[in-house]
Amino acid sequence: MSGGAPAPALPTDGRLRPVPGDPGRRDAFLPAPTVQAHAANLAVLPGGDLGCVWFGGTQEGVADISVWFSRLAPGGEGWSEPVRLSDDGTRSEQNPLLFAAPDGTLRLLYTAQHAGDQDTAEVRERVSGDGGQSWGPVRTLVPASGSGGVFVRQPVVVLAPERWLLPVFHCVRPPAGRWVGDLDTSGVLVSDDQGASWTHHPVPGSTGCVHMNIVPLDDGTLLALFRSRRADAVHAARSDDGGRSWTRPEPTELPNNNSSIQAVRLRDGRVALVYNASSRADATERRVSLYDEIDGDGLAAASAPAPAGGPPAAGAAFWGAPRAPLTLAISADGGRSWPLRRNLETGNGYCMTNNSRDGLNRELSYPSVVQTSDGLLQIAFTYHRRAIKHVQVSPEWAAADPSERRPPA
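Residue numbering for the sequence shown follows the numbering used here, starting at 4 and increasing by one per position.
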C-alpha cells in the first residue's frame, strides 16, 4: 500500500444519479466547499427533508474545521448548497450529528477541540425551531473534564417522549504524553426530562470501545455496537433497563479497523449496519497516531508510519488499518449474526495521512445510515476525505448479489 497519485476530480454537484449496472441504486457526491470533508451524519428533518451534516476545512485538527449542513427534499434529485453551522477560530469542530427531537426542534451536536488533542474536546449544541432554516446560539452541552475530553458520533435515541439517550465516549488523558486513544471509554447520558438534565452511565469494560451506537430492538432491549481502538472486531453490548446499565462489550463476528460504524433498526425489525470489512490483520503499514503533526502555522505534515504486525503493546490503539471496503450487513436476530453482506464501495482504503491538500487519502469511512418513509436506506460516508458520498438502496439490495452473501457464524 502506498500514497500513489492524487485521484481525479469528483462530480460534487449533489445530483443523484443511477449507477450503471446496479439497478435500484442511486449515488450522489454532496457539494464540497472545503478541501477536506469527513464524518457525515444523516437525519430525517421536521417536514421530511433528509439532512446531512459533516465537518470540513483544511484538515482534521486545524482550527478552520467547521460543521457543514445540506438537505435533500423528499423525492428530490439534488442536495442543497451547504451552509456552515459553526465557526470557532480557536478549535477544530468535528463529529456533528442532527437530532429531530420529539418537541419539534432540530438539534445539532458536535465536538470542539484544540488541534489534534481529543482530550480537550467538549460537546456543543445549537437548536433550530424551524427545521434547520435558522439556528440559535452555540452553547456547551458537555464540557471537557480534568481527565480528558468527551466526544459524540452516534445519534440520540428516543425511548419515550421524555427519555433520551446520548452515547458518548471519553478521550482519556494519559499520565504522560499526548492523547493517542489507548484509554478511551464509553458511556451513556440519560435524560428523563427531554434534555434539560442528564445523568452519566458508564459502560463497564469499555476501554478501547468507542463510537457507541445504540439500536432499540423489538423485544424492548437495547443493542450497542462499538468501534474498537484495537482494530480487531466490532464489539457489542446490551441493556435491558432502558440504557442505564450495560453488559461488557464483546467482539462480534464482524471485523473493525478502528474506524466508525453505524447501524439502524429497520421497519421490519431487522438491523442494518454499515462498516469497513477490514481490521489490523489487513494492514501493511501502521500510523503512529490518528493525527498528523500540526505545526505552528496550522498545517500538517504526514506522520511517519510504524511497522505493521500488530499494536505496540497489549490494548494499545492501532491506527492505519485500511478503511475499505465499505459494507452493508443485515441481521435478523438482533445483531447476533449478520448473514447478508454486500460491499457498497471498494478500494484499498489507504489512510496513512489525514492530509487532504495532496489528495492521497483513499479511505471510505464514517458511514451514516437511516431508513426513510419510502423504505429506502440512505447512506452517507467519507469518500477519500474529499467529499461526502450519498448512496440510496433498498434493504433487499444487500441480498441481490449471491456472490456477496455470507453464511451465519
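No residue lacks a Cβ here, since even glycine has one placed at the ideal position from N, Cα and C.
What three-state label does DSSP hand D285 in the structure shown?
Helix, per DSSP.
Distance check for V153 and P146, CA to CA, integer angstroms please.
In a straight line, the C-alpha of P146 is about 7 Å away from that of V153.
Could you name the residues of the same chain whose beta carbon sits closer than 6 Å to that of A402, not counting the 5 residues immediately before and after it, in chain order?
Result list for A402: L343, in chain order.
Taking DSSP as the reference, what is the three-state secondary structure of P170?
The answer is strand: DSSP assigns P170 an E or B state.
To which residues of the same chain is D30 closer than 8 Å at the C-beta, ignoring the five residues directly before and after it?
L19, R20, V22, K392, H393, V394 and Q395.
State buried or exposed for G64, treating a residue as buried only when at least 16 other CB atoms are found within 10 Å of its CB.
By the 10 Å Cβ count, G64 comes out buried.
Do P325 and E348 have their C-beta atoms within less than 8 Å of each other?
No.
Tell me the rounded alpha-carbon separation between Q116 and L13.
C-alpha separation (whole angstroms): 30 Å.
I need the DSSP call for P398, collapsed to helix, strand or coil.
The answer is helix: DSSP assigns P398 an H, G or I state.
From A40 to E366, what does the alpha carbon distance come to, in whole angstroms?
Approximately 12 Å, taken between the alpha carbons.
Looking at the strands, I want to know which residues DSSP matches up with A227.
The partner list for A227 (beta bridge, DSSP) reads I217 and A240.
Per the DSSP calculation, C212 is bridged to which residue(s)?
DSSP, once it has assigned bridges, lists S231 as partnering C212.
In its own chain, which residues sit with a C-beta less than 6 Å from the C-beta of V141, not counting the 5 before and 5 after it?
Taken in chain order, the residues that qualify are R127 and R129.
Quick one: measure Cβ to Cβ for D122 and G149, integer angstroms, because I've assumed they're closer than 8 Å.
With a Cβ gap of about 10 Å, D122 and G149 do not count as contacting.
Within the same chain, show all residues whose beta-carbon is closer than 7 Å to that of D196, passing over the 5 residues directly before and after it, in chain order.
Excluding sequence neighbours, D196 sits near E165.
Helix, strand or coil for Y386, going by three-state DSSP, please let me know.
Here Y386 sits in strand by DSSP.
Is Q121 helix, strand or coil when you go by DSSP?
In this structure, Q121 counts as strand in the three-state DSSP scheme.
Could you work out which residue in S368, H173 and P26 is closest to W182 when comparing CA atoms only?
Considering only alpha carbons, the answer is H173.
With a CB to CB cut of under 7 Å and the five nearest residues on each side skipped, what residues in its chain are close to A280?
Excluding sequence neighbours, A280 sits near P258, P328 and T330.
Tell me, to the nearest whole angstrom, how far the beta carbon of P36 is from that of G59; I am working on the premise that it is less than 8 Å.
Right, their Cβ atoms sit about 7 Å apart.
Determine the closest residue to P219 out of R233, A240 and S209, with distance taken between C-alpha atoms.
Of the listed residues, the one whose Cα sits closest to P219 is A240.
How is the beta strand (DSSP E) around R345 delimited, first residue to last?
L343 to E348 is the span of the beta strand (DSSP E), which, as asked, contains R345.
Going by other Cβ atoms of all chains shown within 10 Å of its Cβ, with 16 needed for buried, is R345 buried or exposed?
R345 is buried by the Cβ-count criterion.
Could you check whether W322 and R290 sit closer than 8 Å to each other, using their CB atoms as the reference points?
Contact flag set, yes.
In this structure, does DSSP put W71 in helix, strand or coil?
DSSP places W71 in strand when its eight states are reduced to three.
Ignore the nearest five residues each way along the sequence and tell me which others in G92's own chain have a CB closer than 7 Å to its CB.
Here the set comprises A66.
Would you kindly check if the distance between the Cβ of T188 and the Cβ of S209 is under 8 Å?
Result yes, Cβ atoms of S209 and T188 sit closer than 8 Å.
Quick check on DSSP: helix, strand or coil for T188?
DSSP places T188 in strand when its eight states are reduced to three.
Skipping 5 residues on each side, what residues in its chain have a beta carbon closer than 7 Å to that of E399?
Cβ neighbours of E399 beyond the five flanking positions: none.
Are any of the Cβ atoms in chain C nearer than 8 Å to that of L329?
The chain inventory of the structure shown lacks chain C, comprising one protein chain alone.
Quick one: what does DSSP say G301 is sitting in, helix, strand or coil?
Caution is warranted here: a pLDDT of 47 is assigned to G301, below 50, making its placement in the model unreliable, and the coordinate value is therefore given only provisionally. Of the three classes helix, strand and coil, the one that applies to G301 here is coil, per DSSP.
Between the Cα of V193 and the Cα atoms of G211, L168 and V159, which residue gives the shortest distance?
For the residues G211, L168 and V159, the minimum Cα distance to V193 belongs to L168.
Measure from the alpha carbon of N357 to the alpha carbon of each residue in A163, A227, G81 and T385, then state which is nearest.
If we check each option's Cα against that of N357, T385 comes out closest.
Can you tell me the Cα-Cα spacing of T202 and D16, whole angstroms?
Their backbone Cα atoms lie some 43 Å apart in a straight line.
By a C-beta neighbour count over all protein chains shown, 10 Å radius and 16 as the cutoff for buried, is T143 buried or exposed?
Looking at its Cβ environment, which holds fewer than 16 other Cβ atoms inside 10 Å, T143 is exposed.
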